[in-house]
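> Residue numbers (the working numbering): 125 to 287.
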Ligand code: COA
């Protein structure tokens with residue numbers, strides 16, 4: 125008997141990807157046969173980095189991981205999950221403040237597509253206070269962020285803060 129391929133998706137805006145997101149990717153890729161990181165094309169948020177740049181940065185970060193692919197998605201997350209035949213949506217949990225938003229989203233996604241399960245992975249303690257907006261704010265005001273983001277993102281942040 126062959127074991128079914130276990131595929132999960134990790135969606136987000138990733139504007140830009142931080143060490144916190146990488147921590148979640150590394151945890152998730154150990155749990156599934158394949159992980160598809162979905163960079164949202166149409167986020168509720170207005171983004172600092174273009175979709176192309178957010179994808180390029182994410183691809184650079186995920187290049188060493190053999191079972192991780194990076195794609196973009198548009199429209200409903202559950203439609204994309206079905207297209208990819210993924211049964212799990214990965215989300216990272218940092219603090220209690222994430223819970224309400226994540227709970228609402230997980231229930232809405234389950235109502236839209238009953239076969240999908242949202243799996244929450246708890247972040248590493250030192251990543252618990254990182255968010256993409258915080259990192260951008262620190263970088264734009266000239267503060268150090270190299271301990272919070274991978275080198276390619278650090279470079280991209282330097283470019284926008286010196287623009
Ligand atoms: N470490 C560090 N930061 C983290 C993190 C972690 N483990 N997990 C989340 N974050 C931060 C992000 O940096 C981001 O910070 P910011 O608000 O300062 O930018 C914030 O938490 C949440 O961002 P992210 O994880 O990228 O998710 P999102 O909320 O931007 O993305 C989508 C939400 C794209 C998944 C959701 O809107 C979606 O599914 N859209 C498609 C349309 C749809 O189906 N809608 C119905 C959904 S019910």
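C-beta atoms are modelled at their ideal positions from N, C-alpha and C, and glycine is treated no differently.
Since this is a predicted model, take the numbers as computed values, not measurements.
#1: Could you tell me which residues DSSP puts in a beta bridge with residue 288?
#2: Around the C-beta of residue 246, are 16 or more other C-beta atoms found within 10 angstroms, so that it is buried, or is it exposed?
#3: Could you give the distance in angstroms between the alpha-carbon of residue 144 and the alpha-carbon of residue 127?
#4: Note down, one range per segment and in chain order, each alpha helix (DSSP H) of at least 4 residues found wholly within the segment 194–247.
#5: Would residue 234 and residue 226 qualify as a contact pair, given that the criterion is a beta-carbon distance under 8 Å?
#6: Within 10 angstroms of the Cβ of residue 268, are there 16 or more other Cβ atoms? Answer buried if so, exposed if not.
#7: Per DSSP, which one or two residues make a beta bridge with residue 136?
If we stick to the structure as given:
#1: Limits of the chain in this structure are 125 at one end and 287 at the other, which puts residue 288 out of reach.
#2: Position 122 of the chain shown, counting from 1, holds the residue named residue 246. Counting Cβ neighbours within 10 Å, residue 246 comes out exposed, since fewer than 16 surround it.
#3: Your numbering for residue 144 matches position 20 in the chain shown. Your numbering for residue 127 matches position 3 in the chain shown. Roughly 31 Å separates the two Cα atoms.
#4: For the segment 194–247, whole alpha helix (DSSP H) runs of length 4 or above, ordered along the chain, are 201–207 and 220–236.
#5: By 1-based counting over the chain shown, the position of residue 234 is 110. By 1-based counting over the chain shown, the position of residue 226 is 102. Contact: no.
#6: Residue numbering aside, residue 268 sits at position 144 when the chain shown is read from its first letter. Classification for residue 268: exposed.
#7: If you number the chain shown from 1, residue 136 lands on position 12. Under DSSP, the beta-bridge partners assigned to residue 136 are 163.
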